[in-house]
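Here is the structure we will look at, set down as C-alpha coordinates.
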Amino acid sequence: MKHYKIIQTALIISGLFLFSCQQKEESVSKEFTGVKIANPIIYEVLVNNPNPEDDWKTECLANTNTFELVNDIVNAARNGDLPAFDYYDNHQLSIPELEKIVSESDLIHKTGNIQFEEEWYWDSEKLSLTKRVKKMMFGYELYDAVGNIRGYKASFVVKLDANKK
(Lines of atoms letter the chains of each structure in order from A; the text may use other names.)
(Lines give C-alpha, C1' and ligand atoms only; values in the text may rest on other atoms or scores of the structure.)
Protein backbone atom coordinates (compact mmCIF):
# COMPACT_ATOMS: atom_id res chain seq x y z
CA MET A 1 0.00 0.00 0.00
CA LYS A 2 2.85 2.33 0.88
CA HIS A 3 4.51 1.55 -2.45
CA TYR A 4 1.24 2.38 -4.29
CA LYS A 5 0.99 5.84 -2.62
CA ILE A 6 4.59 6.67 -3.54
CA ILE A 7 3.99 5.74 -7.20
CA GLN A 8 0.71 7.67 -7.26
CA THR A 9 2.35 10.77 -5.76
CA ALA A 10 5.27 10.52 -8.21
CA LEU A 11 2.87 10.27 -11.17
CA ILE A 12 0.86 13.29 -10.01
CA ILE A 13 4.00 15.39 -9.54
CA SER A 14 5.36 14.24 -12.93
CA GLY A 15 2.07 15.12 -14.61
CA LEU A 16 1.99 18.57 -13.04
CA PHE A 17 5.59 19.15 -14.06
CA LEU A 18 4.92 18.14 -17.68
CA PHE A 19 1.82 20.32 -17.98
CA SER A 20 3.58 23.32 -16.46
CA CYS A 21 6.38 23.10 -19.05
CA GLN A 22 4.07 23.53 -22.03
CA GLN A 23 4.20 26.85 -23.83
CA LYS A 24 1.03 28.82 -23.65
CA GLU A 25 -0.26 30.59 -26.73
CA GLU A 26 -0.42 34.29 -26.19
CA SER A 27 -2.38 36.65 -28.33
CA VAL A 28 -0.22 39.00 -30.31
CA SER A 29 -2.73 41.82 -30.26
CA LYS A 30 -1.17 45.06 -29.17
CA GLU A 31 -3.00 47.06 -26.58
CA PHE A 32 -2.60 50.78 -26.88
CA THR A 33 -2.54 52.62 -23.60
CA GLY A 34 -3.01 56.27 -22.98
CA VAL A 35 -5.21 58.91 -24.51
CA LYS A 36 -5.86 58.86 -28.24
CA ILE A 37 -4.58 62.27 -29.36
CA ALA A 38 -4.80 61.76 -33.13
CA ASN A 39 -7.61 59.88 -34.83
CA PRO A 40 -6.33 59.94 -37.49
CA ILE A 41 -3.32 62.01 -38.40
CA ILE A 42 -2.22 61.93 -42.03
CA TYR A 43 1.23 63.03 -43.14
CA GLU A 44 3.90 62.33 -45.73
CA VAL A 45 7.50 61.34 -45.14
CA LEU A 46 10.23 61.83 -47.72
CA VAL A 47 12.15 58.55 -48.07
CA ASN A 48 14.43 59.37 -51.00
CA ASN A 49 16.47 62.54 -51.38
CA PRO A 50 15.72 64.03 -54.80
CA ASN A 51 18.58 66.52 -54.45
CA PRO A 52 21.98 64.98 -53.65
CA GLU A 53 23.34 68.49 -53.00
CA ASP A 54 20.98 68.85 -50.01
CA ASP A 55 23.34 67.65 -47.28
CA TRP A 56 20.72 67.88 -44.53
CA LYS A 57 18.26 65.58 -46.32
CA THR A 58 21.10 63.24 -47.19
CA GLU A 59 22.08 63.05 -43.53
CA CYS A 60 18.47 62.61 -42.37
CA LEU A 61 17.89 59.75 -44.81
CA ALA A 62 21.32 58.13 -44.46
CA ASN A 63 19.98 55.12 -42.54
CA THR A 64 16.70 54.80 -44.41
CA ASN A 65 16.07 51.83 -46.68
CA THR A 66 12.44 51.43 -47.65
CA PHE A 67 13.06 49.01 -50.52
CA GLU A 68 12.17 45.96 -48.42
CA LEU A 69 9.03 47.63 -47.04
CA VAL A 70 7.75 48.63 -50.48
CA ASN A 71 8.65 45.25 -51.95
CA ASP A 72 6.91 43.35 -49.12
CA ILE A 73 3.75 45.49 -49.36
CA VAL A 74 3.58 45.12 -53.15
CA ASN A 75 4.07 41.34 -52.89
CA ALA A 76 1.42 41.05 -50.16
CA ALA A 77 -1.01 43.00 -52.36
CA ARG A 78 -0.16 40.81 -55.35
CA ASN A 79 -0.78 37.66 -53.29
CA GLY A 80 -4.07 38.98 -51.93
CA ASP A 81 -2.76 39.02 -48.35
CA LEU A 82 -3.15 42.80 -48.16
CA PRO A 83 -5.90 44.50 -50.15
CA ALA A 84 -4.83 47.53 -52.20
CA PHE A 85 -7.19 50.42 -52.86
CA ASP A 86 -7.26 53.18 -55.47
CA TYR A 87 -6.01 56.43 -53.95
CA TYR A 88 -8.57 58.56 -55.80
CA ASP A 89 -11.86 56.66 -55.50
CA ASN A 90 -11.03 53.99 -52.87
CA HIS A 91 -12.18 50.98 -54.94
CA GLN A 92 -10.29 47.77 -54.27
CA LEU A 93 -7.78 47.23 -57.04
CA SER A 94 -7.77 44.08 -59.10
CA ILE A 95 -4.43 42.35 -59.60
CA PRO A 96 -4.13 43.68 -63.20
CA GLU A 97 -4.86 47.24 -61.98
CA LEU A 98 -2.23 46.87 -59.26
CA GLU A 99 0.33 45.43 -61.69
CA LYS A 100 -0.25 48.34 -64.08
CA ILE A 101 0.46 50.90 -61.34
CA VAL A 102 3.55 49.04 -60.11
CA SER A 103 5.06 48.47 -63.56
CA GLU A 104 4.26 51.87 -65.10
CA SER A 105 5.64 53.74 -62.09
CA ASP A 106 8.57 51.42 -61.31
CA LEU A 107 7.16 51.80 -57.81
CA ILE A 108 9.56 49.48 -56.03
CA HIS A 109 12.58 51.51 -57.18
CA LYS A 110 11.06 54.99 -57.48
CA THR A 111 9.14 55.42 -54.23
CA GLY A 112 10.03 58.89 -53.04
CA ASN A 113 7.61 59.42 -50.20
CA ILE A 114 5.19 57.50 -48.04
CA GLN A 115 1.93 58.87 -46.72
CA PHE A 116 0.86 57.47 -43.36
CA GLU A 117 -2.54 57.48 -41.69
CA GLU A 118 -2.06 56.79 -38.01
CA GLU A 119 -3.65 56.88 -34.61
CA TRP A 120 -1.50 58.37 -31.87
CA TYR A 121 -1.75 57.44 -28.18
CA TRP A 122 -0.16 59.55 -25.43
CA ASP A 123 0.59 57.88 -22.10
CA SER A 124 1.24 60.70 -19.62
CA GLU A 125 2.30 58.29 -16.88
CA LYS A 126 5.02 56.68 -18.98
CA LEU A 127 5.64 59.85 -21.00
CA SER A 128 5.44 57.81 -24.17
CA LEU A 129 3.83 58.24 -27.57
CA THR A 130 2.64 55.15 -29.43
CA LYS A 131 1.72 55.26 -33.10
CA ARG A 132 -0.55 52.77 -34.85
CA VAL A 133 -0.26 52.85 -38.62
CA LYS A 134 -3.65 52.23 -40.20
CA LYS A 135 -2.97 53.04 -43.85
CA MET A 136 0.00 53.64 -46.11
CA MET A 137 0.35 55.06 -49.59
CA PHE A 138 3.54 55.15 -51.64
CA GLY A 139 4.26 58.19 -53.78
CA TYR A 140 6.48 57.65 -56.79
CA GLU A 141 8.70 60.24 -58.38
CA LEU A 142 7.63 62.21 -61.48
CA TYR A 143 10.33 63.82 -63.61
CA ASP A 144 10.40 66.80 -65.96
CA ALA A 145 11.91 66.78 -69.48
CA VAL A 146 15.47 67.23 -68.21
CA GLY A 147 15.26 64.56 -65.50
CA ASN A 148 14.57 66.68 -62.44
CA ILE A 149 11.94 65.52 -59.98
CA ARG A 150 8.87 67.71 -60.31
CA GLY A 151 6.77 65.94 -57.69
CA TYR A 152 5.22 62.70 -56.56
CA LYS A 153 2.15 60.80 -57.71
CA ALA A 154 0.00 58.61 -55.49
CA SER A 155 0.16 54.91 -56.22
CA PHE A 156 -2.33 52.94 -54.09
CA VAL A 157 -3.42 52.69 -50.47
CA VAL A 158 -3.08 49.67 -48.22
CA LYS A 159 -5.14 49.33 -45.07
CA LEU A 160 -2.92 47.46 -42.65
CA ASP A 161 -5.75 46.35 -40.38
CA ALA A 162 -8.27 45.53 -43.13
CA ASN A 163 -8.12 41.77 -42.49
CA LYS A 164 -8.22 42.02 -38.69
CA LYS A 165 -11.85 42.97 -38.24
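Taken in order, the sequence shown gives residues 1 to 165; the numbers are from UniProt numbering.
C-beta: ideal position from N, C-alpha, C; glycine also.
Taking 7 Å as the CB-CB limit, is residue 58 close to chain B? Going by chain labels, chain B is absent from the structure shown, which holds only one protein chain.
Could you tell me whether the stretch 85 to 104 touches the stretch 141 to 148, using the rule of 3 or more Cβ pairs below 8 Å? no
Identity of the residue in 154, 159, 36 nearest residue 106 by Cα: The sequence position of residue 106 within the sequence shown is 106, counting from 1. Ranking 154, 159, 36 by Cα distance to residue 106 puts 154 first.
8 Å CB neighbourhood of residue 156 in its chain, flanking five on each side removed: As a working note, residue 156 is residue 156 in the sequence shown. So the list reads 77, 84, 85, 86, 87, 93, 98, 101, 137, 138, once near-sequence residues are dropped.
Shortest alpha-carbon distance to residue 151 belongs to which of 44, 55, 38, 73? The count along the sequence shown starts at 1 and reaches residue 151 at position 151. Residue 151 has its Cα closest to that of 44, out of 44, 55, 38, 73.
Alpha-carbon spacing of residue 48 relative to residue 147, whole angstroms: Taking the first residue of the sequence shown as position 1, residue 48 is located at position 48. Taking the first residue of the sequence shown as position 1, residue 147 is located at position 147. Taking the straight line joining both Cα atoms gives about 15 Å.
Residue range of the alpha helix (DSSP H) that includes residue 69: Stepping through the sequence shown from its first residue, residue 69 is reached at position 69. Here the alpha helix (DSSP H) through residue 69 covers 67 to 79.
Buried or exposed for residue 64, please, with buried defined as at least 16 other CB atoms from any protein chain shown within 10 angstroms of its CB. The count along the sequence shown starts at 1 and reaches residue 64 at position 64. So residue 64 ends up on the exposed side.
Starting from the Cα of residue 71, find the closest Cα among 54, 121, 103, 60 and give me that residue. Stepping through the sequence shown from its first residue, residue 71 is reached at position 71. The shortest Cα separation from residue 71 among 54, 121, 103, 60 belongs to 103.
Per DSSP, residue 151 is paired with what? Your numbering for residue 151 matches position 151 in the sequence shown. Partner(s): 142.
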